[in-house]
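With UniProt numbering, letter number 233 in the sequence shown gets 233, and the count goes up by one each step, no holes.
Built from N, CA and C at the ideal position, the CB exists for glycine as well.
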Amino acid sequence: MASGYTCRACLGALVKRTKVAAPARRAPHKTSNLIPNTPLRTFASASQQPRKPKLRPDSKNTSGAPAESVIEGVEFITAPPKVASPGKSPLPASTTARLASEFRKRASETTETYIAYGATQPLFLECSRPGNYTVPQIDEGGVAPKNDAGEDLGVGTGWWYDSLGLTPTFNTWAQVTFLHMYLLTVRFRLFPKAHAPAWHQHLLDHFFHNAEDRMATFHGMVARGVRNKYLKDLWIQWRGVLAAYDEGLVKSDAVLAAAVWRNVFKADPAVDVKALAEIVSWMRREVRRLGEASDAEIAAGWEFKGNPGEEAPAVELKSALMKKAA
Numbered sequence: 001m002a003s004g005y006t007c008r009a010c011l012g013a014l015v016k017r018t019k020v021a022a023p024a025r026r027a028p029h030k031t032s033n034l035i036p037n038t039p040l041r042t043f044a045s046a047s048q049q050p051r052k053p054k055l056r057p058d059s060k061n062t063s064g065a066p067a068e069s070v071i072e073g074v075e076f077i078t079a080p081p082k083v084a085s086p087g088k089s090p091l092p093a094s095t096t097a098r099l100a101s102e103f104r105k106r107a108s109e110t111t112e113t114y115i116a117y118g119a120t121q122p123l124f125l126e127c128s129r130p131g132n133y134t135v136p137q138i139d140e141g142g143v144a145p146k147n148d149a150g151e152d153l154g155v156g157t158g159w160w161y162d163s164l165g166l167t168p169t170f171n172t173w174a175q176v177t178f179l180h181m182y183l184l185t186v187r188f189r190l191f192p193k194a195h196a197p198a199w200h201q202h203l204l205d206h207f208f209h210n211a212e213d214r215m216a217t218f219h220g221m222v223a224r225g226v227r228n229k230y231l232k233d234l235w236i237q238w239r240g241v242l243a244a245y246d247e248g249l250v251k252s253d254a255v256l257a258a259a260v261w262r263n264v265f266k267a268d269p270a271v272d273v274k275a276l277a278e279i280v281s282w283m284r285r286e287v288r289r290l291g292e293a294s295d296a297e298i299a300a301g302w303e304f305k306g307n308p309g310e311e312a313p314a315v316e317l318k319s320a321l322m323k324k325a326a
C-alpha cells in the first residue's frame with residue numbers, strides 16, 4: 001500500500017531536480033551604449049520640464065491650470081510653494097527685537113550726522129561772511145603785500161573792516177569767524193544730547209577745510225606740513241576762545257570785553273573802548289535771539305542780524321551809577 005510519507009533523501013533529490021529544470025533568468029540588456037547617461041525626466045520635476053505635447057481639442061482643465069499643462073491621460077504634479085506663516089519670523093522674538101532696536105539706533109545716528117553736515121555748511125558761511133576777504137594780487141599772478149607783522153594783506157569790506165578799522169588778514173578773518181561760530185556753538189548746546197556734538201564738530205570741520213583752502217590759495221602754503229602747523233595753532237586758539245567767551249558770558253560784560261579785546265584786537269592798548277562795548281552788547285543780543293529760536297529754525301539756516309555798530313545807542317546810555325558819579 002502506498003504511503004504518503006516521503007523520506008528525507010527522496011525529498012532532497014526532488015528539490016534539486018526542480019531547480020535544475022527551472023529556466024535560467026535572462027541577464028538585463030546593457031543599454032549604456034544606446035541611451036545617453038542623463039537622468040530620466042519626470043512630470044513631477046520642477047527643474048526639467050518635458051517638451052510641450054499636442055493637446056486634445058476637447059481637453060478640459062480639471063486642475064485649474066492653464067490649458068498647456070493638461071495632457072491626455074496625464075496630469076502634472078506641482079509641489080505647492082512653501083509660504084511662511086504670516087507674522088512669524090524665522091528668528092526668535094528676542095533676537096528680532098534686539099536687531100530692530102540696534103538698527104533704529106544706528107540709522108538715527110547716521111541720519112543725524114548727514115543732516116548736521118549739510119546744515120552746518122551754510123551756517124559756517126554765515127559765520128565767515130562778516131570777516132571775509134580776498135587777495136587780488138594773488139588772483140592776478142602777483143605777490144600779496146605784507147604788513148609790519150609779516151602777514152599777507154587782503155581786501156575786505158563791512159563793519160569790521162570799514163568802521164572798526166581791522167586789518168583784512170587771515171588771522172583777523174579767523175578771529176571774527178570764531179566769534180560768530182561761538183554764538184552758534186552756545187545754541188547747539190541746547191540741542192538733544194545725542195545730536196549736539198555732531199553739529200558742533202561739523203561746524204568746526206567746515207572752518208578748518210575753508211582755512212586750509214585759504215592757506216593754499218591766498219597765502220601760497222603748498223606744503224601740507226606747513227598748513228598742518230597753522231591748523232594746530234588755530235585749534236588751540238579755538239579752545240581758548242571757547243573758554244574765554246564762556247567765562248565772559250557767565251560772569252560780566254567786562255570779562256567778555258576783555259576776552260574780545262585779547263582775541264580780536266590782539267590786546268591792542270589803543271583799542272576803541274566804545275566799539276568794544278558795542279561788540280559785547282551785540283553778542284548778548286544775538287545769544288538772546290538764538291535762544292528764542294527753535295531747533296528747526298537754526299537747522300534751516302540762521303542769519304545774524306545787523307552788526308555791532310547798531311548797538312551804539314544802547315552803549316551810550318548812562319547807567320544809574322554813572323549818573324550818581326556825575
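On the CB-based measure, 16 or more other CB atoms within 10 Å of its CB, does Ala243 come out buried or exposed?
The residue is exposed, with fewer than 16 neighbouring Cβ atoms inside 10 Å.
Sort out for me which residues DSSP pairs Asp152 with in a bridge.
Paired residues: Lys146.
Quick one: Cα of Asp253 to Cα of Asn307, how far?
About 18 Å.
Look at the alpha carbon of Asp148 and the alpha carbon of Ala300, and state the distance between them as a whole number of angstroms.
In a straight line, the C-alpha of Asp148 is about 42 Å away from that of Ala300.
CB Leu123 to CB Arg187, shorter than 7 Å?
No; because the gap between Cβ atoms is not below 7 Å, this pair is not in contact.
Please state whether DSSP places Thr134 in a helix, a strand or coil.
DSSP places Thr134 in strand when its eight states are reduced to three.
May I have the straight-line CA-CA distance separating Ala119 from Ala320, to the nearest angstrom?
Whole-angstrom Cα-Cα distance: 44 Å.
What does the alpha-carbon distance come out to for the pair Lys313 and Leu276?
Looking at the sequence provided, one finds Pro at residue 313 rather than Lys. Their backbone Cα atoms lie some 14 Å apart in a straight line.
Is Ser294 buried or exposed, if buried means 16 or more other CB atoms sit within 10 Å of its CB?
With fewer than 16 other Cβ atoms within 10 Å, it is exposed.
Does the beta-carbon of Thr172 have 16 or more other beta-carbons within 10 angstroms, so that it is buried, or is it exposed?
Its Cβ being crowded by 16 or more others within 10 Å, Thr172 is buried.
Around the Cβ of Asn228, are there at least 16 other Cβ atoms within 10 angstroms (buried) or fewer (exposed)?
It is exposed - the Cβ of Asn228 has fewer than 16 other Cβ atoms within 10 Å.
When the Cα atoms are used, what is the spatial distance from Leu249 to Val287?
In a straight line, the C-alpha of Leu249 is about 10 Å away from that of Val287.
With DSSP as the reference, label Asp272 as helix, strand or coil.
Correct three-state label for Asp272: coil.
Assuming His200 is part of the alpha helix (DSSP H), what are its boundary residues?
Counting along the chain, the alpha helix (DSSP H) containing His200 begins and ends at Ala196 to Phe218.
How would you call Thr169, buried or exposed, if buried means at least 16 neighbouring beta carbons within 10 angstroms?
Thr169 should be labelled buried.
Looking only at its chain, what residues have a beta carbon closer than 7 Å to the beta carbon of Leu317, apart from the 5 residues adjacent to it on each side?
Counting only Cβ-Cβ distances below 7 Å, and skipping sequence neighbours, we find nothing.
Quick check: what's the CA-CA separation for residue 327 versus Val226?
Because the chain is modelled from 1 through 326, residue 327 falls outside the range shown and cannot be assessed.
At which residues does the alpha helix (DSSP H) containing Asp295 begin and terminate?
Here the alpha helix (DSSP H) through Asp295 covers Asp295 to Ala300.
Quick check on the burial criterion: 16 or more other C-beta atoms within 10 angstroms. Buried or exposed for Ala223?
Counting Cβ neighbours within 10 Å, Ala223 comes out exposed, since fewer than 16 surround it.
With 16 other CB atoms within 10 Å as the buried threshold, where does Met215 fall?
Answer is buried; the Cβ neighbour count reaches 16.
Can you give me the Cβ contacts of Tyr133 inside the same chain, cut-off strictly under 7 Å, excluding the 5 residues immediately before and after it?
Once the five neighbours on either side are set aside, the close Cβ partners of Tyr133 are Gly154, Val155, Gly156, Pro168 and Trp173.
With H, G and I counted as helix, E and B as strand and the rest as coil, what does DSSP make of Leu164?
Three-state result, Leu164: coil.
Can you tell me the Cα-Cα spacing of Lys146 and Gly158, whole angstroms?
So the alpha carbons of these two residues sit roughly 21 Å apart.
Am I right that His200 and Thr185 are in contact with their C-beta atoms under 8 Å? What's the rounded C-beta distance?
Correct: roughly 6 Å between the Cβ atoms.
Indicate whether Ala198 and Ala116 have their beta-carbon atoms separated by less than 7 Å.
Yes, they are a contact pair.
Is the Cβ-Cβ distance between Val264 and Gln175 less than 7 Å?
Closer than 7 Å, so yes.
So, with DSSP's three-state summary, where would you put Phe170?
Three-state DSSP puts Phe170 in a helix.
Can you tell me where the alpha helix (DSSP H) with Glu140 in it begins and where it stops?
Taken as a continuous stretch (DSSP letters only), Glu140 belongs to no alpha helix (DSSP H), as it is neither H nor E.
How far does the alpha helix (DSSP H) with Ala243 in it extend, from its first residue to its last?
Looking at the DSSP string, the run of the alpha helix (DSSP H) that includes Ala243 is Arg224 to Val250.
Do Val280 and Ala258 have their CB atoms nearer than 7 Å?
Going by C-beta atoms, Val280 is not nearer than 7 Å to Ala258.
What does a CB cutoff of less than 6 Å around Pro39 pick up in its chain, not counting 5 residues either side in sequence?
Only weak support exists for where Pro39 lies, its pLDDT of 48 falling under 50; the value from the coordinates is given anyway. Cβ within range, chain order: n/a, list empty.
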